[in-house]
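Q: So the sequence shown is numbered by this note's numbering: it starts at 809 and just counts up by one. Could you have a look at this structure, given as structure tokens, before my questions?
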Amino acid sequence: MMKMQPHAHAHDGHDHAACRHAQDHQRHAAEALARAEKLCRERGLRLTPIRRKALEALHADHRPVGAYDLADRISPPGGRRLAPISVYRALDFLVEQGFVHRLSSRNAYVACLHGHGASDVVAFLICETCGGVDEDSSPAMRQAVAAIVHGRQFVPSHQVVEIVGRCDHCRSAHPHE
Numbered sequence: 809m810m811k812m813q814p815h816a817h818a819h820d821g822h823d824h825a826a827c828r829h830a831q832d833h834q835r836h837a838a839e840a841l842a843r844a845e846k847l848c849r850e851r852g853l854r855l856t857p858i859r860r861k862a863l864e865a866l867h868a869d870h871r872p873v874g875a876y877d878l879a880d881r882i883s884p885p886g887g888r889r890l891a892p893i894s895v896y897r898a899l900d901f902l903v904e905q906g907f908v909h910r911l912s913s914r915n916a917y918v919a920c921l922h923g924h925g926a927s928d929v930v931a932f933l934i935c936e937t938c939g940g941v942d943e944d945s946s947p948a949m950r951q952a953v954a955a956i957v958h959g960r961q962f963v964p965s966h967q968v969v970e971i972v973g974r975c976d977h978c979r980s981a982h983p984h985e
């Protein structure tokens, strides 16, 4: 199993280890991975080695990861890079099961820490400074989105809200930017 720790390095003068995004991922990653394993067993599905490595790699980072970067991260060291189609198939499975979310605005993926249901409305707060992502869901947001889609007689296939801005940590570290 991969060591599940966020990348603890400074990027653009920003210490990712001090971010709440990174701390949340580190604190909840093992629990979320165990939940994924349990749900696969209950659903009679296989968490294949590629699917597991992809999920572990996504849990090891608090920022969205693109499929090609993920392929580099989970390919055997010194071996051939995994075929992109294999990585995309693993990601499709992980998204279908609710273990991973795809962020359309970033064309990248982030591990789900909270075990949302497939029909839950999930909001992602994406920091444009550090790249960290926080996810949230609430009954009030679910009701508001339900009212919108019902009023338009629209049937959503997935319900994701992406909000881009600056996280508290980045605003505190660079208050005048």
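Glycine is no exception: its CB is placed at the ideal position from the N, C-alpha and C atoms. These numbers were taken from a predicted model, which means no experiment stands behind them.
Would you mind sorting F962 into buried or exposed? The rule is 16 or more other CB atoms within 10 Å of its CB.
A: exposed
Q: Report the partner residues of C938 according to the DSSP bridge assignment.
A: According to DSSP, which records beta bridges pairwise, C938 is partnered with nothing at all.
Q: Taking only runs that begin and end inside the region 849 to 933, name each unbroken alpha helix (DSSP H) of 4 or more residues, in chain order.
A: 857 to 867, 875 to 882, 892 to 904
Q: What number of angstroms, rounded off, separates the C-alpha of G987 from the C-alpha of P947?
A: Outside the shown range of the chain, which is 809 to 985, sits residue 987, and nothing can be said about it.
Q: With a threshold of 16 other CB atoms inside 10 Å of the CB of H982, please say whether the residue is buried or exposed.
A: exposed
Q: Just to confirm my understanding: we take L841, look at its own chain, exclude 5 residues before and 5 after, and list those with CB closer than 7 Å. What are they?
A: L863, E864, H867
Q: Specify whether the region 885 to 900 and the region 936 to 956 touch according to this definition: at least 3 beta carbon pairs, one from each stretch, less than 8 Å apart.
A: No, the region 885 to 900 is not in contact with the region 936 to 956.
Q: Report the three-state DSSP secondary structure of V953 (helix, strand or coil).
A: helix
Q: How long is the line joining the alpha carbons of Q813 and Q834, rounded to whole angstroms?
A: The predicted position of Q813 is uncertain, since its pLDDT is 32 and thus under 50; a value taken from the coordinates is nonetheless stated next. One C-alpha to the other measures close to 6 Å.
Q: Within 10 Å of its beta-carbon, does C975 have 16 or more other beta-carbons around it, so buried, or fewer, so exposed?
A: buried
Q: Pick out whichever of T856, P872, R859, A837 has its Cα sitting closest to the Cα of E936.
A: P872
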